[in-house]
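A short write-up of the structure that comes next.
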Amino acid sequence: MVLDGLDNEVQAGLERLDNAKKDGTLAPEQTAALEGDIRRAAELRNRFSPA
1 MVLDGLDNEV QAGLERLDNA KKDGTLAPEQ TAALEGDIRR AAELRNRFSP A
């Protein structure tokens, strides 16, 4: 269940980032913050994934 939630967060973050980049609606700092959030969620997902 945790992994599903993290997968959903990563996917949603990637979609938001992609849309924002296309629209040009994010400042560089906001882009970096969103990329960092996605990276952290992906790292957590990998940490809890079965080997």
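Residues in the sequence shown are numbered from 1 upward in steps of one, following the UniProt record's numbering. Even for Gly, the Cβ is constructed at its ideal location relative to N, Cα and C.
Under a three-way DSSP split, which group does residue i fall into?
{"i": "G24", "result": "coil"}
In or out: residue i buried (at least 16 other Cβ within 10 Å) or exposed?
{"i": "L3", "result": "exposed"}
Check whether the Cβ atoms of residue i and residue j sit closer than 8 Å, and answer yes or no.
{"i": "D37", "j": "G5", "result": "no"}
{"i": "V10", "j": "A33", "result": "no"}
{"i": "residue 69", "j": "L17", "result": "Nothing in the structure corresponds to residue 69, since the chain is present only between 1 and 51."}
{"i": "D7", "j": "R39", "result": "no"}
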